[in-house]
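There are 2 protein chains.
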Amino acid sequence: MNLTEYIDSKRDEHLNELYEFLKIPSVSAQSEHKPDIERAAKWVASRLTAAGLENVEIVPTKMHPLVYGESLHAPGKPTILFYGHYDVQPAEPLNLWTSPAFEPTIRGGNLYGRGTADDKGQVHIHIRALDAILKTAGKLPINLKVMIEGEEEVGSVSLWEFVNANKPRLKADALVVSDTGMLAAGVPSITYGLRGLNYYQIEVTGPAQDLHSGIFGGAVPNPITILCELFAKLHDKNMRVAVPGFYDDVAKLSKAERKALNSLPWKAAAFRKTVGAPGLSGEKGASMVEQLWTRPTLELNGIWGGYTGEGSKTVIPSKAYAKFSTRLVPNQNPEKITKNLERHIRKLLPRTVKFKLDLHSSGKAWVAPYTHPYFEVAHNALEKGFGKRAVFIREGGSIPFVTQMYDTFKVPCILLGFGLPDENAHAPDEHISLENYFGGIKAVAQFYQGLGNL
Amino acid sequence: MNLTEYIDSKRDEHLNELYEFLKIPSVSAQSEHKPDIERAAKWVASRLTAAGLENVEIVPTKMHPLVYGESLHAPGKPTILFYGHYDVQPAEPLNLWTSPAFEPTIRGGNLYGRGTADDKGQVHIHIRALDAILKTAGKLPINLKVMIEGEEEVGSVSLWEFVNANKPRLKADALVVSDTGMLAAGVPSITYGLRGLNYYQIEVTGPAQDLHSGIFGGAVPNPITILCELFAKLHDKNMRVAVPGFYDDVAKLSKAERKALNSLPWKAAAFRKTVGAPGLSGEKGASMVEQLWTRPTLELNGIWGGYTGEGSKTVIPSKAYAKFSTRLVPNQNPEKITKNLERHIRKLLPRTVKFKLDLHSSGKAWVAPYTHPYFEVAHNALEKGFGKRAVFIREGGSIPFVTQMYDTFKVPCILLGFGLPDENAHAPDEHISLENYFGGIKAVAQFYQGLGNL
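If you're matching them up, the sequences are chains A and B in order.
By the working numbering, the letter at position 165 of the first sequence is numbered 171, and the numbering carries on one by one without gaps.
By the working numbering, the letter at position 236 of the second sequence is numbered 242, and the numbering carries on one by one without gaps.
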């Protein structure tokens with residue numbers, strides 16, 4: 007039985023094992039899930055060991071542990087560092103899930119559950135690919151280092167400390183990551199660019215305590231109104247971010263790249279359908295693909311203040327809050343963006359309120375050429391796994407770690423993504439296409455095997 | 007023992023009975039408190055009976071029951087309809103209470119607990135005053151009808167249906183209400199004007215489901231941002247409400263009334279201290295007293311959308327919500343305000359989102375002259391109860407029922423309030439001054455007795 011046949015023969019085994027992983031609610035942002043985080047790390051360690059890796063260890067950190075393992079028995083062959091994460095986004099709002107977030111369920115050719123696409127399903131693709139190579143060839147044809155962290159959804163702080171402390175141990179010829187998506191169903195993709203991300207929380211305080219809106223209304227600063235007025239001033243009418251200096255360092259897209267990106271088989275109609283809004287809205291003067299992959303944004307991710315329960319309460323609250331983030335592109339400097347943003351907010355807010363701005367996480371964009379021979383191996387492997395030609399794309403999401411690794415080790419970063427844009431990563435009813443999950447296992451196995459033939 | 011001495015001798019009894027009332031979490035806005043609402047209605051009925059009222063009944067309604075009782079044994083003497091409410095505002099946010107909201111606690115001469123000021127404490131003042139008259143004089147010197155409802159904090163819909171169906175039964179020479187405040191500590195007050203209130207909830211929907219802000223950010227409408235931009239447009243830079251027609255019908259304040267209101271011993275410094283904000287903010291061109299009592303407002307009372315939990319979530323939500331309200335003054339028409347507001351919101355919101363605007367409750371303002379002889383009786387009674395001259399004031403809060411009763415029965419409405427502006431009605435740590443509570447019982451007893459001497 008060859009590699010592909012073997013993988014096809016084990017579909018139930020792949021899925022049953024993945025269910026175990028998905029059932030662990032390893033939400034890194036919520037402290038009540040700390041025991042689940044520990045459980046998920048142990049689970050990953052045991053599966054890496056079963057797939058033939060050695061020296062597998064659960065590395066404690068200041069926050070959530072990361073799992074490291076390696077196999078270094080292919081002298082003269084490439085050394086690959088594979089990175090993924092076992093933590094997931096919060097599942098809230100729970101009532102919008104068709105089936106519970108942590109009870110994996112198949113419907114219509116898709117597997118539903120938090121983490122199916124981002125990133126447990128994709129990490130598991132690699133685990134099963136390694137297992138298949140081990141079972142069919144008896145050994146790995148390359149040298150492999152695997153690092154699976156538990157803080158990706160909250161900023162990867164510990165990961166970076168670990169990398170800095172273990173640079174020689176982590177040295178590799180290329181970094182491989184599967185935490186991105188495919189351009190569309192049937193279009194296997196290699197991602198060569200990601201946006202950066204600064205994530206903030208702001209607290210605006212007006213009155214020292216909540217006040218009755220009848221007795222006090224009309225003479226006191228309302229922090230909700232003031233927060234709204236602030237955010238209304240952060241975009242201009244062309245949907246450009248109205249923070250001074252925000253676009254100063256943005257790299258200009260080359261004519262060739264602009265043409266290549268706009269020529270991809272990207273389906274605007276499918277995008278509109280996935281979004282499902284009455285209309286779309288983006289920065290004037292850029293195509294949708296450019297808006298999503300190559301232009302920076304400022305988005306509100308959450309807002310709250312005052313009475314949010316059932317019925318009415320006539321209150322002017324003491325405080326209002328928002329979570330918001332900027333997606334950054336080459337060559338924006340995340341620290342400079344934060345500095346400009348804070349200065350601008352300070353200038354815009356009236357003196358009737360106080361504010362506190364916290365930076366939750368920060369990371370710059372990454373874009374790199376895809377000229378190394380490994381990319382050709384990846385391109386061919388995707389074609390073998392999916393029976394379709396692969397394309398080179400950029401993405402709007404952020405993996406700060408990729409930027410940092412690229413800057414530190416100066417090696418190719420190969421992003422093989424198996425998610426789809428409509429798979430609700432970070433939202434209710436997250437899912438992965440079973441076709442892409444199984445195709446992914448075959449493609450990754452072919453990729454590792456192909457690298458061994460170089 | 008005269009009336010005042012009797013009341014002074016029963017301080018512990020007054021308080022112990024009030025504690026029973028306050029411990030019932032009769033929150034009308036939250037359906038899980040329905041059994042507490044029923045319990046509070048029964049408690050009121052039993053206390054009215056104990057205070058000598060007859061035909062006491064708990065009247066079922068479509069929502070929360072109201073309690074009615076009467077004593078009609080003083081032929082030729084005035085007939086008074088006393089109105090109050092036994093329901094309270096939600097206690098949230100619970101973590102900001104120094105002592106639990108439904109465990110009455112005395113600290114520094116004040117009694118803390120939800121409902122102490124608004125309105126259980128004030129209703130109880132009347133119950134104890136009646137009880138004191140019964141115990142000292144053996145009978146009531148006037149004819150009295152008492153109606154205590156359970157929907158004041160959610161719009162008093164059932165109350166009004168009951169009134170309409172029982173007009174002959176409720177006929178009286180005057181309406182008496184204790185649900186307002188005193189101008190300041192040591193300044194007993196009679197309120198002759200209230201603002202009206204329209205309370206709304208808006209839901210803005212952009213994408214059909216929550217989206218990943220990396221994959222989708224930059225090309226889709228963010229409902230939180232759009233909600234913020236909407237509310238930023240509803241005030242101009244002079245803090246005037248920027249809804250077309252909003253001020254069209256506002257009654258101009260007479261020169262005499264403006265002078266009287268601005269000459270009251272209203273303490274701006276105390277107000278600033280109670281608010282505790284870095285600065286105040288109100289409509290340009292009006293004094294603070296005018297802003298609070300005589301000018302209409304539009305206030306955000308709550309806002310929510312997206313991720314509001316711990317840490318970060320990079321989501322563009324499908325929906326964002328806000329609760330907001332307008333305080334109305336004479337002669338604004340609540341329906342016209344709603345119509346103008348809805349039309350304006352429809353105009354302001356971009357076509358990229360849908361919206362739903364719900365009117366939770368609606369009521370116009372009330373202002374009336376205080377020329378009837380009953381007002382003199384009230385003025386004297388307050389002086390007897392508190393040992394201080396009373397003043398005539400307006401208030402920023404709303405009691406839609408007063409407006410409706412005034413319009414329907416064309417009788418004087420006498421608003422004797424015993425709360426203070428810094429007593430956190432509708433907020434955590436709501437309290438009532440014990441001095442005002444006990445003074446209130448004495449003043450109300452003197453008032454009812456004084457009316458009997460007319």
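The beta carbon of each residue, even a glycine, is placed where N, CA and C say it ideally should be.
Keep in mind the model is a prediction, meaning the values are calculated, not measured.
Taking all protein chains in view, the Cβ of residue 107 (chain A) is crowded by 16 or more other Cβ atoms within 10 Å, so the residue is classified as buried. Rounded to the nearest angstrom, the Cβ distance from residue 36 (chain A) to residue 315 (chain B) is 7 angstroms, consistent with a contact under 8 angstroms. The beta-bridge partner set that DSSP reports for residue 368 (chain A) consists of A:204.
In this chain, the alpha helix (DSSP H) harbouring residue 238 (chain A) covers 229–238. Classified as buried, residue 134 (chain A) has 16 or more neighbouring CB atoms from the shown chains inside 10 Å of its CB. For residue 286 (chain B), the C-beta contacts it makes with chain A under 9 angstroms involve 225, 226, 227 and 358, in order along the chain. Proximity to residue 391 (chain B) across B:419, B:423, B:414 and B:61 peaks at B:423, based on C-alpha coordinates. Relative to the Cα of residue 342 (chain A), the nearest Cα in the group A:249, A:138, A:89 and A:237 belongs to A:249. DSSP links residue 90 (chain A) through a beta bridge to A:154.
Against chain B, a Cβ distance below 8 angstroms from residue 298 (chain A) picks out 221, 222, 223, 224 and 225. Residue pairing of residue 241 (chain B) in beta bridges, as defined by DSSP: B:247.
If you look at residue 269 (chain A), you'll find it in the alpha helix (DSSP H) that goes 261–269. Boundaries of the alpha helix (DSSP H) around residue 352 (chain A): 340–354. For residue 450 (chain A), same chain residues with a beta-carbon under 8 angstroms away, outside a window of 5 residues either side, are 131, 132, 135, 184, 387, 391 and 422 in chain order. Bridge pairing for residue 118 (chain B): B:111 and B:437 [DSSP]. For residue 251 (chain B), the closest alpha carbon among the candidates B:349, B:444, B:18 and B:78 is that of B:349. Here residue 448 (chain A) has 10, 13 and 391 as same chain residues with Cβ atoms under 6 angstroms from its own Cβ, once five neighbours each way along the sequence are excluded. With contacts defined by Cβ atoms closer than 7 angstroms, residue 68 (chain A) and residue 162 (chain A) do not form a contacting pair.
Between the region 327–340 of chain A and the region 325–341 of chain B there are fewer than three inter-stretch CB-CB distances shorter than 8 angstroms, so the stretches are not counted as touching.
No Cβ of chain B is located within less than 7 angstroms of the beta carbon of residue 361 (chain A). Nearest in C-alpha terms to residue 306 (chain A), of all of A:440, A:299 and A:206, is A:206.
Against chain A, the CB of residue 244 (chain B) has no partner CB under 7 angstroms away; the residue lies outside that interface.
When only Cα atoms are considered, residue 271 (chain A) and residue 189 (chain A) end up about 8 angstroms apart.
Taking the C-beta atoms as reference points, residue 220 (chain A) is found nearer than 7 angstroms to residue 404 (chain B).
Cβ proximity to chain A below 8 angstroms picks out 427, 430, 431, 432, 433, 434 and 435 from the region 408–440 of chain B. Our two residues, residue 197 (chain A) and residue 330 (chain A), have alpha carbons roughly 25 angstroms apart in a direct line. Any Cβ of chain A closer than 7 angstroms to the Cβ of residue 338 (chain B) would place that residue at the interface, and such an atom is absent.
Contact annotation, residue 75 (chain A) with residue 128 (chain A): C-beta distance approximately 17 angstroms; criterion of less than 8 angstroms not satisfied. Residue 361 (chain A) carries a strand assignment under DSSP once its states are collapsed to helix, strand and coil. Note on geometry: alpha-carbon atoms of residue 102 (chain A) and residue 202 (chain A) lie some 29 angstroms from one another. In summary, the residues of the region 27–41 of chain B whose CB is separated from some CB of chain A by less than 8 angstroms are 34, 35, 36 and 37, in the order they occur in the chain. When 7 angstroms is used as the limit between beta carbons, residue 305 (chain B) is near these residues of chain A: 219, 223, 228 and 322, in chain order. Chain-ordered listing is empty here: chain A has no CB closer than 8 angstroms to the CB of residue 108 (chain B), the nearest sitting near 16 angstroms.
Put simply, the CB of residue 381 (chain B) is far from chain A, with every gap to its CB atoms at 7 angstroms or more. Here the region 407–426 of chain B does not lie against the region 218–237 of chain B, with fewer than 3 beta-carbon pairs under 8 angstroms apart. Bridge partners of residue 193 (chain B) according to DSSP: B:190.
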